[in-house]
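A.B. asks:
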Amino acid sequence: MAEFLAAELQKSQLEIDRLVRNMGVLFETMSEMVFLIGNDCVIEDMNRSAIRAFGDYRARLCHEALHGGNGLCLTCPVKLIAAGEENEGQAEAKLDGMNVECSYVPYHGYKGDRLVMVVMRNLREAATPQGEPGRRCEADELVGKSKQVRDLCKMIRLVAPSDMTVLISGEPGTGKELVADLIHRHSRRADKPFLKFNGVAVSESLCAGDLFDDGKGTLFSGAATPGKGGGELVRGATIFLNEMGDISPKMQACLFRVLRDGKVTLGGDPWPMEANVRIIAATSKDLALEVEEGRFRQDLYQRLNMINLHLPPLRKRKEDILSLVTHFIEKYRKAFGKEVDHISESAVDRLLQHSWPGNIRELEDVIQRAVLLARNNIITEKELIFN
Numbered sequence: 001m002a003e004f005l006a007a008e009l010q011k012s013q014l015e016i017d018r019l020v021r022n023m024g025v026l027f028e029t030m031s032e033m034v035f036l037i038g039n040d041c042v043i044e045d046m047n048r049s050a051i052r053a054f055g056d057y058r059a060r061l062c063h064e065a066l067h068g069g070n071g072l073c074l075t076c077p078v079k080l081i082a083a084g085e086e087n088e089g090q091a092e093a094k095l096d097g098m099n100v101e102c103s104y105v106p107y108h109g110y111k112g113d114r115l116v117m118v119v120m121r122n123l124r125e126a127a128t129p130q131g132e133p134g135r136r137c138e139a140d141e142l143v144g145k146s147k148q149v150r151d152l153c154k155m156i157r158l159v160a161p162s163d164m165t166v167l168i169s170g171e172p173g174t175g176k177e178l179v180a181d182l183i184h185r186h187s188r189r190a191d192k193p194f195l196k197f198n199g200v201a202v203s204e205s206l207c208a209g210d211l212f213d214d215g216k217g218t219l220f221s222g223a224a225t226p227g228k229g230g231g232e233l234v235r236g237a238t239i240f241l242n243e244m245g246d247i248s249p250k251m252q253a254c255l256f257r258v259l260r261d262g263k264v265t266l267g268g269d270p271w272p273m274e275a276n277v278r279i280i281a282a283t284s285k286d287l288a289l290e291v292e293e294g295r296f297r298q299d300l301y302q303r304l305n306m307i308n309l310h311l312p313p314l315r316k317r318k319e320d321i322l323s324l325v326t327h328f329i330e331k332y333r334k335a336f337g338k339e340v341d342h343i344s345e346s347a348v349d350r351l352l353q354h355s356w357p358g359n360i361r362e363l364e365d366v367i368q369r370a371v372l373l374a375r376n377n378i379i380t381e382k383e384l385i386f387n
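For reference, each letter of the sequence shown is one residue, going 1 to 387 in our numbering.
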């Protein structure tokens, strides 16, 4: 009996240690600035974001960092929550030139000690810039709060209004097509055609002119104009070329000429025509390496790589996993007419531990399946099936 209890105790301790490690990962990778403060108003711990913003204030009194004052505040929410007089609090302040929003909540430490967690957001970074109509990058379009997502959102706002060629790189499943779609929707060409081609499916015989003419007038007015071949290009179209690393050498040569000259020669037409289009390309390959090894044209790579947006794999921004999980649960509970609105802690732990080789696409598949299989309003570890 003693051996059984000892084994069970060891299993429980291992489970506690695992949960503590997972919480530690979340704490350190949160983009918000987080402080853990004891009931004596001493800062017990800070995450990386907080240390980057303020410096290391650990083992110092909280008012030095949070209030910017020299003495304790009589109505300090940290002190009130630590004393059990309030359950939570929220306030806005200006610290070190930053306008921040602070949330205060009780937090029980590993040893059962009562702490207060203070979560700060930089309101300037969190606010959506007030730019031209159509240039805003809405929160429900790019899901996540990590620095990578915020930086990507800023870049989309910067590059979308221009006509510059954009190269989107990243592993399969990281959301390259979504980013291309956002660039188009927030561009001046948003009301023009958005045409998608996959390099894997493009045949050796196809050349750049075929990208602009499907023989059905999709990209043409259909009116024959003397000296301009069989028709006139619809102005302002955007062409998305996915998996650029897989297109044939012949297509590479044709596309390079279009990007260099700004004109295209259509099949059967002797006259080159203005290619008034914007090119957005994407690749899951390292095109610089492909160039080095002779599989991709260097001149084409230089033309495509005017603006490079790299999408990091999900394993390198795990702080976004819970936001994505919430987003996909909401999406598929509506699609399937399910009551699912919760996910168990053990299921969350399992999701955070997974390496996600298939990135966001794999996570969406897992949550879609879990919502469908859930028998009540909560997703448990049993419903998580990984490919």
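By construction, the Cβ of each residue, glycine as well, lies at the ideal position given by its N, Cα and C atoms.
Note that the coordinates shown come from a computational prediction; the quantities given were computed from them, not determined experimentally.
1. Quick check on the burial criterion: 16 or more other C-beta atoms within 10 angstroms. Buried or exposed for residue 274?
2. Provide the residue span of the beta strand (DSSP E) that contains residue 194, from first to last.
3. Can you list, in chain order, the residues of its chain whose CB lies under 6 angstroms from that of residue 253, leaving out five sequence neighbours each side?
4. Starting from residue 380, trace the alpha helix (DSSP H) in both directions and tell me its first and last residue.
5. Is it buried or exposed for residue 183, if we count other Cβ within 10 angstroms and need 16 for buried?
6. Would DSSP call residue 122 helix, strand or coil?
7. So what does DSSP say about residue 335, is it helix, strand or coil?
8. For residue 106, which three-state DSSP category applies?
9. Look up residue 185 in the DSSP assignment and say whether it is helix, strand or coil.
10. Count the other CB atoms within 10 Å of the CB of residue 118; is the residue buried (16 or more) or exposed (fewer)?
11. Does the stretch 300-311 come close enough to the stretch 327-339 to have 3 or more Cβ pairs within less than 8 angstroms?
12. From the DSSP output, in three-state form, read off residue 468 for me.
13. Compute the distance between the beta-carbons of residue 317 and residue 165, then report whether it is under 8 angstroms.
14. Assuming residue 189 contacts residue 236 (C-beta within less than 8 angstroms), just tell me the rounded distance between them.
15. Leaving out five residues before and five after residue 192 in sequence, what residues of the same chain have Cβ atoms less than 6 angstroms from its Cβ?
16. Name the DSSP bridge partner or partners of residue 237?
17. In three-state terms, what does DSSP make of residue 36?
18. State the start and end residues of the unbroken beta strand (DSSP E) segment that holds residue 469.
19. Which whole-angstrom value describes the C-beta separation of residue 319 and residue 347, a residue pair presumed to lie in contact below a C-beta threshold of 8 angstroms?
C.D. replies: According to the structure data:
1. In the sequence shown, the residue the question calls residue 274 occupies position 274. Burial state of residue 274 is exposed, judged by a 10 Å Cβ sphere holding fewer than 16 other Cβ atoms.
2. Residue numbering aside, residue 194 sits at position 194 when the sequence shown is read from its first letter. Where residue 194 is concerned, the enclosing beta strand (DSSP E) stretches over 194-198.
3. In the sequence shown, residue 253 corresponds to position 253, counting from 1. Excluding residues within five positions, none has a Cβ falling inside 6 angstroms.
4. Position 380 of the sequence shown, counting from 1, holds the residue named residue 380. First-last for residue 380: undefined, no H or E at that position.
5. Residue mapping note: residue 183 aligns to position 183 of the sequence shown, counting from 1. By the 10 Å Cβ count, residue 183 comes out buried.
6. Residue mapping note: residue 122 aligns to position 122 of the sequence shown, counting from 1. Here residue 122 carries a strand assignment [DSSP, helix/strand/coil].
7. Numbered from its first residue, the sequence shown carries residue 335 at position 335. It is helical.
8. Sequence index remark: in the sequence shown, residue 106 carries index 106 (1-based). Taken through DSSP and simplified to helix, strand or coil, residue 106 comes out as strand.
9. Along the sequence shown, one-based indexing puts residue 185 at 185. Note: residue 185 maps to helix in three-state DSSP.
10. The count along the sequence shown starts at 1 and reaches residue 118 at position 118. Looking at its Cβ environment, which holds 16 or more other Cβ atoms inside 10 Å, residue 118 is buried.
11. No, the stretch 300-311 is not in contact with the stretch 327-339.
12. Given that the chain is displayed from residue 1 to residue 387, the structure contains no residue 468 and the question cannot be resolved.
13. In the sequence shown, the residue the question calls residue 317 occupies position 317. In the sequence shown, the residue the question calls residue 165 occupies position 165. Not closer than 8 angstroms, so no.
14. Residue numbering aside, residue 189 sits at position 189 when the sequence shown is read from its first letter. Residue numbering aside, residue 236 sits at position 236 when the sequence shown is read from its first letter. So it is a contact: roughly 5 angstroms between Cβ atoms.
15. Mapped onto the sequence shown, residue 192 falls at position 192. A distance below 6 angstroms between beta-carbons, with the five flanking residues on each side excluded, links residue 192 to the following residues of its chain, in chain order: 236 and 237.
16. Numbered from 1 along the sequence shown, position 237 holds the residue referred to as residue 237. When DSSP reads this structure, residue 237 sits in a beta bridge with 277.
17. Within the sequence shown, numbered from 1, the residue matching residue 36 stands at position 36. In this structure, residue 36 counts as strand in the three-state DSSP scheme.
18. Examination of residue 469 is not possible in this model, given that the chain is present from 1 through 387 alone.
19. The residue you call residue 319 lines up with position 319 of the sequence shown. The residue you call residue 347 lines up with position 347 of the sequence shown. Rounded, the Cβ-Cβ distance is 18 angstroms, inconsistent with contact.
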